[in-house]
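First up is the structure itself, then whatever we jot down about it.
There are 2 protein chains.
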Amino acid sequence: MKKILNSVKIAQKELAKLSANERNELIFRIASKVRENCAKILAANAADLANASDLSSAMKDRLKLDEARLNGICAGLESIAGQKEVIGEIKKGWVAKSGIKINQIAVPIGVIAAIYEARPNVTLEIAALAIKSANGCVLKGGKEARLTNLAFMEALNSAFLPLGFCSVAFLDISRDEVLELLGMSEFIDMIVPRGGENLVRFVSENSRIPVLKHDKGLCHIYIDKAMELQKALNIAINAKCSRPAVCNAAETFLVHESVASKFLSAVYPLLKEYNVEIFGCPKTAKIIECKSASEQNYDTEYDDFKLNIKVVASIDEALAHIARYGSGHSEAIISEDYSACQRFLSEVDASCVFANASTRFNDGGEFGFGAEVGISTNRLHARGPVGVEGLTSYKYIIYGNGEVR
Amino acid sequence: MKKILNSVKIAQKELAKLSANERNELIFRIASKVRENCAKILAANAADLANASDLSSAMKDRLKLDEARLNGICAGLESIAGQKEVIGEIKKGWVAKSGIKINQIAVPIGVIAAIYEARPNVTLEIAALAIKSANGCVLKGGKEARLTNLAFMEALNSAFLPLGFCSVAFLDISRDEVLELLGMSEFIDMIVPRGGENLVRFVSENSRIPVLKHDKGLCHIYIDKAMELQKALNIAINAKCSRPAVCNAAETFLVHESVASKFLSAVYPLLKEYNVEIFGCPKTAKIIECKSASEQNYDTEYDDFKLNIKVVASIDEALAHIARYGSGHSEAIISEDYSACQRFLSEVDASCVFANASTRFNDGGEFGFGAEVGISTNRLHARGPVGVEGLTSYKYIIYGNGEVR
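The listed protein sequences correspond, in order, to chains A and B.
Residue numbering for the first sequence follows the working numbering, beginning at 261 and increasing consecutively.
Residue numbering for the second sequence follows the working numbering, beginning at 261 and increasing consecutively.
This is the structure we're talking about:
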């Protein structure tokens, strides 16, 4: 493994010498090699699926590729290549009192390691984001997608061939070896775990290398007394039901008591269309049919068609509930009241705070980043959806004319 | 300790509700309380010095305060208060394809813990930087400065008095308790160790909390064949001799062979004025008197009047030497050759890379930051001198109009 990591470390320096155009061309070449090898990749994926008889149907769906999905992945790569160049950007510049001219310049971080589960699209997305930002990268995917990933890597390697180096490595390693990987700060500058809570916890607790992660996505929608009903219904249903298994989906609605009856009786039949199981506070239970919500419910990221509803007496109560149970991921207010929105946006401490939009927009693609390395709930380095810019560091280059201190 | 940390965590939220002006006034009030209590603080400092008979004279000098130094510290605080406001700044903003308006806003990190050695100025500087950036802070100073620090904290607490909370705590704790502190990620968001290599290593190896640090300052001055002699002499002597104990001082001169004789014979008498002990390569030894430099020498941060000199055949050899031995802290080229400077600035991977200026400028004060939390050789979050901006995180606030995904 050390040999592979060292080769990536060296290749990263070569990659960083390429021009922006050359790096973009490399990403386009990977996309076209993937398209060329479509049949081979789909066959590998079919073999992975055949081996995965014990997976849930949701997991199988995540794992499964077809021509349309493959085209989608390639379009994503091309979109990453088409993003504006981040490396070398002068982020700031000024002349200090001494006369030296200080430029803060974006540079690559170095080598990124991503550890993820069965989604095969992650392999190429992270590889492309790393190439775009001139970082080396080391990938450890889930064993369920092993053959698919190896087929992807074959296409990727052939795209690197004309360059004489390869700054992306796929590690076909065991969990014990992952533990070893987490200690290799000599070769790796940042670790990104992408997957369930267990994976993220395992990585954070064992890593000697900085970890970019999100712990948990326990998101709320606060329906203020000044809500507009149609907007509130659209956003609430979108946030809960459009894709409940993802981290930016809502788990709890907080409803101002003065609109509780109106909102809850309107949202109830919509939730029932999706067979959402509702856990409500006593006031909710007086308006709609629901199970009784416990502390435990308010503290749970369901990732499923389950929902808590709590009627609150004021925005203060909503803010306090979010401060207590929120995971700092995505929070939204639905209100036509200017000051209520401003207060919510200002006081809620989360990576993305929304006024009158769905929490589902906390996403690299929706932010216009082409793709994302992941969503960060860290407070250091990068927060929220992390695209190529989150994969950069900076250095200061300083132009002097003989200045001394 | 948990009780203290929790009170800081709560107080930080109060601090963050203050306006920029109120936070600046608080810092000014601390400076004036320190000035008012000058006699008391100097008496405490004298008592610390009396207890510190086993310290080296350099360490005693670091510890010692007098009225002039105290005024300097207060002026530093006032300069921090006078810096532009960082909290709430819209760092970026754009409209996404969906129509949502995305604003990236600077916010405090939360609670910062600083662990440092005998320099008493650090206590107030870090407290002021934390207040400026609306962060809570927890300070653990060296036991040698204990009484001085307690006197500072008395002045600081009296400045907080009108507010009814205090977001700065000084921990009077043992090394075992420091170990406990490093595990308290529930209360602390970032740890800054400021001190020698042992302290930094102890903190990095034991912390469950992200650490902002610099490992080592092994800095080089490369004197190119196109150097201008007077600039080269000024910068080289400044970088080595103006304050050799600090991390941005130079440890090694790399001299292009075509100017070796000219530069070395001119720099030699200047170095001798400072009694600098020279370790040279065989080519250096042919030009000036020196001891023989080993691998070990090139790899040592002396922090003292000791210097390595190596004659190199080309800029390539200089770049390779820096890549091998440099610590990524501060590196400089002295050259009138445009392309040589550009290449050096671009290829050297360090927090600050200088053309024709002293490495000593890698400093928060010199950068115009008022003061610094420290100099970072991390590649994530912040690199180089870290001022108030390095103590901020960001969040996205998003204005929608009913958008869903």
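Ideal placement from N, C-alpha and C gives every residue a C-beta, glycine not left out.
Does Tyr-482(A) come out as helix, strand or coil in the three-state DSSP assignment?
Note: Tyr-482(A) maps to strand in three-state DSSP.
List, in chain order, every chain A residue whose beta-carbon is nearer than 7 Å to that of Phe-627(B).
The answer, in chain order, is Ala-356, Ile-362.
Could you tell me whether the Cβ of His-641(A) comes closer than 8 Å to any Cβ of chain B?
Chain B contact via Cβ: present.
What are the start and end residues of each continuous alpha helix (DSSP H) run of 4 or more residues lying completely inside the stretch 501 to 563 of chain A, in chain order?
DSSP runs (the alpha helix (DSSP H)) wholly in the stretch 501 to 563 of chain A: 517 to 533, 542 to 547, 555 to 558.
Who are the neighbours of Ser-427(A) on chain B, taking C-beta pairs under 7 Å?
In chain order: nothing, as chain B lies at least about 16 Å away.
Since Met-673(B) sits in a beta bridge, which residues does DSSP pair it with?
Nothing can be reported for residue 673(B), as the shown portion of chain B is limited to 261 through 665.
Can you list, in chain order, the residues of its chain whose CB lies under 6 Å from that of Asn-395(A), leaving out five sequence neighbours each side?
Cβ within range, chain order: Pro-368, Ile-369, Ile-372, Leu-651.
Give the single residue among Ser-590(B), Lys-655(B), Ile-548(B), Cys-397(B) whose Cα lies nearest to the Cα of Ala-526(B).
Among Ser-590(B), Lys-655(B), Ile-548(B), Cys-397(B), the Cα nearest to that of Ala-526(B) belongs to Ile-548(B).
Rounded to a whole number of angstroms, what is the C-alpha to C-alpha distance between Arg-322(B) and Leu-302(B)?
C-alpha separation (whole angstroms): 14 Å.
Nearest CA to the CA of Leu-275(A): which residue from Ala-390(A), Ile-340(A), Asn-458(A)?
For Leu-275(A), the nearest C-alpha among the options comes from Ala-390(A).
Hey, is Lys-491(A)'s beta-carbon within less than 8 Å of any beta-carbon in chain B?
Lys-491(A) counts as touching chain B.
What are the uninterrupted segments assigned as beta strand (DSSP E) that are 3 or more residues long and contained completely in the stretch 346 to 408 of chain A, given in chain order?
As far as the stretch 346 to 408 of chain A is concerned, its whole beta strand (DSSP E) runs of at least 3 residues are 350 to 355, 361 to 368, 371 to 376, 396 to 400.
Round the Cβ separation of Val-613(B) and Val-346(B) to the nearest angstrom and send it over; I've been treating them as touching at under 8 Å.
No, Val-613(B) and Val-346(B) are not in contact; Cβ-Cβ is about 25 Å, not under 8 Å.
Select from the stretch 609 to 639 of chain B all residues with a C-beta closer than 9 Å to any C-beta belonging to chain A, and list them in chain order.
Within the stretch 609 to 639 of chain B, the qualifying residues are Asp-609, Ala-610, Ser-611, Cys-612, Val-613, Phe-614, Ala-615, Asn-616, Ala-617, Ser-618, Arg-620, Phe-621, Asn-622, Asp-623, Glu-626, Phe-627, Gly-628, Asn-638, Arg-639.
Measure the CB-CB distance between Ile-362(B) and Trp-354(B) and report whether it falls below 8 Å.
Yes, the pair counts as a contact, with Cβ atoms nearer than the cut-off.
Give me the subset of the stretch 433 to 457 of chain B whose CB atoms are less than 8 Å from a CB atom of chain A, sorted by chain position.
So the list reads Asp-449, Met-450, given in the order they occur along the chain.
When you compare the CB of Leu-459(B) with every CB in chain A, is at least one pair closer than 8 Å?
Chain A, which has no Cβ nearer than 8 Å to the Cβ of Leu-459(B), makes this no.
Between Asn-281(A) and chain B, is there a C-beta pair that is closer than 8 Å?
So no, Asn-281(A) is outside the interface.
Pull out every residue of the stretch 402 to 431 of chain B whose Cβ sits closer than 9 Å to any Cβ of chain A, in chain order.
Residues passing the 9 Å Cβ filter: none.
For Ser-521(B), I'd like the list of residues in its chain whose CB is within less than 8 Å of its CB, leaving aside the five on either flank, ordered along the chain.
Closer than 8 Å at the Cβ level, and outside the excluded window around Ser-521(B), lie Ile-547.
DSSP on Cys-601(B), reduced to helix/strand/coil?
Of the three classes helix, strand and coil, the one that applies to Cys-601(B) here is helix, per DSSP.
Let me see if you follow: with CB-CB separation under 8 Å, is Ser-502(A) close to chain B or not?
It does: the Cβ of Ser-502(A) has a partner Cβ on chain B nearer than 8 Å.
Could you pull out every residue in the same chain whose Cβ sits closer than 7 Å to the Cβ of Asp-559(B), ignoring the five residues on either side in sequence?
Closer than 7 Å at the Cβ level, and outside the excluded window around Asp-559(B), lie Tyr-585.
Run through chain B and tell me which residues come within less than 9 Å of Arg-295(A), C-beta to C-beta.
The premise fails here: Arg-295(A) is roughly 25 Å from chain B at the closest Cβ pair, so nothing lies under 9 Å.
Do Tyr-585(B) and the ligand HEM come close, with the Cβ less than 7 Å from some heavy atom?
Among the ligands in the structure shown, none appear at all, so the ligand HEM cannot be discussed.
Is Glu-663(B) helix, strand or coil when you go by DSSP?
If DSSP states are grouped into helix, strand and coil, Glu-663(B) belongs with the strands.
Does the beta-carbon distance from Val-452(B) to Leu-384(B) come in below 8 Å?
Not closer than 8 Å, so no.
Please specify which runs of the alpha helix (DSSP H), each continuous and at least 4 residues long, are wholly inside the stretch 404 to 437 of chain A, giving them in chain order.
The stretch 404 to 437 of chain A contains these whole alpha helix (DSSP H) runs: 406 to 420.
Could you check whether Tyr-376(B) and Arg-454(B) sit closer than 8 Å to each other, using their CB atoms as the reference points?
Cβ distance < 8 Å, so Arg-454(B) and Tyr-376(B) count as in contact.
Tell me the residue span of the beta strand (DSSP E) that contains Leu-567(B).
Here the beta strand (DSSP E) through Leu-567(B) covers 566 to 572.
Are Leu-399(A) and Ala-374(A) touching if we call contact CB-CB under 8 Å?
It is a contact, given that the beta carbons lie within the stated cut-off.
Assuming Glu-517(B) contacts Ala-600(B) (C-beta within less than 8 Å), just tell me the rounded distance between them.
Not quite, the Cβ-Cβ distance comes to about 15 Å (not below 8 Å), so this is no contact.
The alpha helix (DSSP H) with Asn-331(B) in it runs from where to where?
That run of the alpha helix (DSSP H) goes 327 to 342.
Is there a Cβ from chain A that is less than 8 Å from the Cβ of Lys-269(B)?
Chain A, which has no Cβ nearer than 8 Å to the Cβ of Lys-269(B), makes this no.
Measure the beta-carbon distance from Asn-297(B) to Ala-415(B) and round it to whole angstroms, keeping in mind my assumption that it falls under 8 Å.
Going by Cβ atoms, the distance from Asn-297(B) to Ala-415(B) rounds to 5 Å, so yes, they are a contact pair.
Mind listing the chain B neighbours of Leu-380(A)? Cutoff is C-beta to C-beta under 8 Å, in chain order.
Residue 380(A) is actually Pro in this sequence, not Leu. Result: empty, since nearest Cβ-Cβ is about 23 Å, beyond 8 Å.
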